[in-house]
Amino acid sequence: MDGENTVSVPELQPTQLLRDVVISKIVPSSVTEHPKAFDPCIYDLNTFDSYVTVLYLYKLEDARPSTFAQFVDVVKVSLSRVLTLYFPLAGKWVVTEDASLRKLICNDEGAVFVQAAVDDQMRRFFNPADFKPPGELIGEFAVPGFVVADVHKTPENKEWPCLIVQLSIFGAELQFRNADMVRIARMVNGQVTSFRCAGVCLAVSWNHMTMDGFAFDRFIKAWWEIADTGQTSVEPSFERSFAPSVSDKARVLGIALDMKNVGDALSKRFRNFPSSSAAQFPVVNKLINVQMASVERLRQTAREDRDAGPLQRHERLTTFECISTQIWRCFARLCRDEDDLIHLRFTVECRKKCRVPPIADDFAGNMYLFIGPPASTGREVLDKSFTRGACEIHEVVNSVTPASVASLLDNQFKSIDAMASVVNEEFPNSHSAAKSLLPVTITSWSHFDNFYKLDFGFGPPILSAPCSLFNVVNDPVVYLLPHDPNSVDAAPILLRASPTIHALLSRDPEFLDLIS
Numbered sequence: 399m400d401g402e403n404t405v406s407v408p409e410l411q412p413t414q415l416l417r418d419v420v421i422s423k424i425v426p427s428s429v430t431e432h433p434k435a436f437d438p439c440i441y442d443l444n445t446f447d448s449y450v451t452v453l454y455l456y457k458l459e460d461a462r463p464s465t466f467a468q469f470v471d472v473v474k475v476s477l478s479r480v481l482t483l484y485f486p487l488a489g490k491w492v493v494t495e496d497a498s499l500r501k502l503i504c505n506d507e508g509a510v511f512v513q514a515a516v517d518d519q520m521r522r523f524f525n526p527a528d529f530k531p532p533g534e535l536i537g538e539f540a541v542p543g544f545v546v547a548d549v550h551k552t553p554e555n556k557e558w559p560c561l562i563v564q565l566s567i568f569g570a571e572l573q574f575r576n577a578d579m580v581r582i583a584r585m586v587n588g589q590v591t592s593f594r595c596a597g598v599c600l601a602v603s604w605n606h607m608t609m610d611g612f613a614f615d616r617f618i619k620a621w622w623e624i625a626d627t628g629q630t631s632v633e634p635s636f637e638r639s640f641a642p643s644v645s646d647k648a649r650v651l652g653i654a655l656d657m658k659n660v661g662d663a664l665s666k667r668f669r670n671f672p673s674s675s676a677a678q679f680p681v682v683n684k685l686i687n688v689q690m691a692s693v694e695r696l697r698q699t700a701r702e703d704r705d706a707g708p709l710q711r712h713e714r715l716t717t718f719e720c721i722s723t724q725i726w727r728c729f730a731r732l733c734r735d736e737d738d739l740i741h742l743r744f745t746v747e748c749r750k751k752c753r754v755p756p757i758a759d760d761f762a763g764n765m766y767l768f769i770g771p772p773a774s775t776g777r778e779v780l781d782k783s784f785t786r787g788a789c790e791i792h793e794v795v796n797s798v799t800p801a802s803v804a805s806l807l808d809n810q811f812k813s814i815d816a817m818a819s820v821v822n823e824e825f826p827n828s829h830s831a832a833k834s835l836l837p838v839t840i841t842s843w844s845h846f847d848n849f850y851k852l853d854f855g856f857g858p859p860i861l862s863a864p865c866s867l868f869n870v871v872n873d874p875v876v877y878l879l880p881h882d883p884n885s886v887d888a889a890p891i892l893l894r895a896s897p898t899i900h901a902l903l904s905r906d907p908e909f910l911d912l913i914s
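Counting the sequence shown from 1 gives a position; my numbering is that position plus 398.
Put into structure tokens, the structure is as follows:
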């Protein structure tokens, strides 16, 4: 097939779940002239260097192998063509020993692709109440030596990163916090698996240091357009020179860089980490529908609130502001002691906020910040009216401007370092003489328009949702997911938290009102 190479996998081990496994490499369908490498900007290095996996579930007309083979062929051919346009995704990150820290090598090497079958029903592996399908379905099997439950071990082939580096600048030194040290990281991996019921799961994993979710959504747009018509309106740009580099930031902060032994520094930092955080801190992922009627009730509450204080009361709160505020309040009630702190953080996409003129939508890199209100005690959050809290979130989002983005980026480095210093314990059962801190992250994918358009001629996905390969962090994370056209009256979310937190939220009246 055009754009496909066979991969030699001498260490491949049998699996009890998958059968008919074929591993290949999808390379760009045509050779084009393009840059051979890119240096990362500060936004790239401020991102977890790990894979983000998005699942697309399909239902074919029948379960015949020939139908599945046709589906796979369209996926491979269209992926090969889109990789010609998105050529960095056919390359890899490599570790450097200079101030750039990483280099994106654009060598058209290709994406690892797994084709497999499961002799069972698809619904058994994708339970909304515990959305953690087996690693064999989401790419684990693609890389010999990598086991999801054993993420602290370096893969034998050195090509599957856990967290290569979490860079933070704090005070006058560079600090590295990572879950493993891997020298090479591929950009994208894919797996398509058939089931006995004619169901199909397509798992697409991309390296987050390459692009953010907004850019990935544009990649999906290019993919489905090419699968549909052979052409796309997307014109991706990969040039990062408009954003500051690590060296730029270091000069501003007066930091002297000495990067001769980056690898050793990263490796030594990692050795102090627990051997398997996943075993110590179990996480449950739940797909939940927030009813739009509940969102409208919250908007009505804000409209009727005459005690908004000094903050401006907006006539119509956004869905993000309504859901985020209510989640903030629900988690605030989990604070056990009056001194316990909650720190709400959320992602703000910055293409239109970081400069004039704005960055084009087709910029295929990272361009977002983690920001949020200051850490507060649970009581301080609950003492505010719902409207005050929503307006505070609104003001924080709108604080990102071309004039403020540089200082916000500096603050983000400092806050990440502070968060990394907190011992992750099962909250709220930890006991410490110091104040307990519960970080809660909300990331909005609700404005991604293309997830449910990834149609290869067999119908659109019946479900699309992110799925973590492993526990990157143990803190609660809430994803506001893209609109599901099959659920017009609901806003889907993925809530990732410990079993204890899920149990407490299931008894919280305001949380129950949000989802019912």
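We put the CB at the ideal spot given by N, CA and C, even for glycine.
Around the beta carbon of Thr591, 16 or more other beta carbons lie within 10 angstroms, which makes this residue buried. Going by beta carbons, Lys457 and Ala596 fall inside the 8 Å limit. 8 Å or more divides the Cβ of Val472 from the Cβ of Ser862. In this structure, the beta-carbon distance from Ala509 to Leu416 does not fall below 8 Å.
Per the coordinates, the alpha-carbon of Val598 lies some 43 Å from the alpha-carbon of Ala773. The three-state reading of DSSP puts His845 in coil, since its state is none of H, G, I, E or B. Annotated three-state conformation of Pro890 is strand, per DSSP. Under the DSSP assignment, Tyr441 falls in the alpha helix (DSSP H) whose first and last residues are Ile440 to Leu443. Scanning its chain for C-beta atoms nearer than 6 Å, with the 5 sequence neighbours on each side dropped, one finds around Asp882 the residues Pro890, in chain order. Phe784 and Ile791 have their C-alpha atoms spaced approximately 11 Å apart.
Straight-line spacing of the CA atoms in Leu696 and Cys789 works out to 13 Å. Taken through DSSP and simplified to helix, strand or coil, Val798 comes out as coil. The C-alpha of Gly537 lies about 19 Å from the C-alpha of Val681. Counting the other Cβ atoms within 10 Å of the Cβ of Asn505 gives fewer than 16, which makes it exposed. Positions of the alpha helix (DSSP H) runs, each at least 4 residues long and wholly inside the segment 580-636, are given as 611-627 in order along the chain. Fewer than three Cβ pairs drawn from the segment 852-859 and the segment 735-748 lie within less than 8 Å of each other, which leaves the two stretches out of contact.
With contacts defined by Cβ atoms closer than 8 Å, Pro438 and Leu499 form a contacting pair.
Going by DSSP, Arg695 is part of the alpha helix (DSSP H) stretching over Met690 to Glu702.
In the DSSP assignment, Lys434 falls outside any beta strand (DSSP E), carrying neither H nor E.
Looking at the DSSP output, Asp528 bridges to Asn525.
With respect to Ser904, Leu878 sits apart: the two C-beta atoms are not nearer than 8 Å.
No Cβ-Cβ contact shorter than 8 Å links Leu487 with Val602.
For Cys865, the beta-bridge partners assigned by DSSP are Thr451.
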